[in-house]
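For the sequence shown, the UniProt record's numbering gives the first residue as 1, with consecutive numbering after it.
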Amino acid sequence: MAFRLATRTLKPLLPARTMSTTTRIPVALEVTSDSICPFCYVGYKRITKAIQMAKDADLPLDFSISFAPFLLDPTLPNSPGETKRDRYIRKFGGAEKVAAMEQAMIERGKAEGINFSYGGVVSQTTDSHRMISKARELKGEEGQLRFVERTFKTYFEEEGDPGSHNLLARDAETAGIMSKDDALAFLKTDELKSEVEAGIRKAQLRGISGVPFTILNGKLGISGAQETETFYEVFEKIAKGELEA
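Rendered as structure tokens:
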């Protein structure tokens, strides 16, 4: 399924209209991401800032946001996984190259209030995606947002194992999703696993090969962790009727 890329075509598609508080436009954002993708964390920070900017500017847009699963590296072992450094060196080639990549990401993160740390381990994220889906089921959009941000912080800033049931359950409790004991009980089952796997296949069928990938109203695509201002520009053009979504 092909999507028009909003960041490639920002020319007027419809006659511009005057912004009105009486005619509001729904903007449903579906963000395909993975819990171990650093650009997904950066993109999350940027898109949520852009949404707040749109609200502060009184753009006549009604936002909703949801998260869809993606496996950045399906070959990763289950928790306890392996060290990030060993995995990155093997995947990207050489300690010097990896160190330069890490430093570039650290600097990029600082601008978004993220303190990237590259110690710790990396592991398979299916259970993280299951818990993200469970957060949505139990606590809706706000609960899912809280849990997604918490898991990003655990992995990227606190060097936590992204597949650890203990940490996922702790984060579920911290985010107000469910008690740690209830979360551990959920994680021991296969509940929502088939739904997560179906979501991953759906991303593949859509031709999504990298994340984050944001789909607006099911038809307009934004690839990558675009700058906050780029997201806001898209929202503003939708509000003005210069971009159809």
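Every residue, glycine too, gets a C-beta built ideally from N, C-alpha and C. The structure displayed is predicted, hence computed values, not measured ones.
- When the beta-carbon positions are compared, Arg108 and Thr228 stay at least 7 Å from each other.
- Counting the other CB atoms within 10 Å of its CB gives Asp171 a total of 16 or more, which places it among the buried residues.
- Non-local C-beta neighbours of Phe63 in its own chain, meaning closer than 7 Å and more than five positions away in sequence, comprise Val27, Leu29 and Ile51, ordered along the chain.
- Boundaries of the beta strand (DSSP E) harbouring Glu30: Ile25 to Ser33, taken from the DSSP string.
- For Ile65, there is no enclosing alpha helix (DSSP H); the enclosing beta strand (DSSP E) covers residues Leu61 to Pro69.
- A direct Cα-Cα distance of roughly 27 Å separates Ala185 from Thr83.
- Under the DSSP assignment, Leu243 falls outside any alpha helix (DSSP H); it carries neither an H nor an E label.
- Here the alpha carbon of Leu216 sits roughly 6 Å from the alpha carbon of Ala245.
- In the structure shown, Thr214 falls within a strand segment according to DSSP collapsed to helix, strand and coil.
- Cα atoms of Leu168 and Ala203: separation of roughly 24 Å, rounded to the nearest angstrom.
- Taking C-beta atoms as the reference points, Leu76 and Asp34 fail to come closer than 7 Å.
- Annotated three-state conformation of Ile89 is helix, per DSSP.
- Judged by DSSP secondary structure, Leu187 falls within the alpha helix (DSSP H) whose first and last residues are Lys180 to Leu187.
- DSSP places Ser223 inside the beta strand (DSSP E), whose first and last residues are Leu220 to Ser223.
- The DSSP-derived three-state label of Glu197 is helix.
- DSSP places Tyr44 in the uninterrupted alpha helix (DSSP H) bounded by Pro38 to Asp56.
- Residue pairing of Val121 in beta bridges, as defined by DSSP: Thr83.
- For Gly218, the CB contacts under 8 Å within the same chain, skipping 5 residues up- and downstream, are Ala28 and Glu30 in chain order.
- Using a Cβ-Cβ distance cut-off of 8 Å, the region 150-168 and the region 123-141 are in contact, since at least three pairs of beta carbons, one from each stretch, lie closer than that value.
- Leu138 is the residue among Ser194, His129, Leu138 and Ile36 whose C-alpha sits nearest the C-alpha of Ser179.
- Ile25 and Pro212 have their C-alpha atoms roughly 24 Å apart.
- Comparing C-alpha distances from Arg150 to each of Leu61, Tyr44 and Thr214 shows the shortest one belongs to Tyr44.
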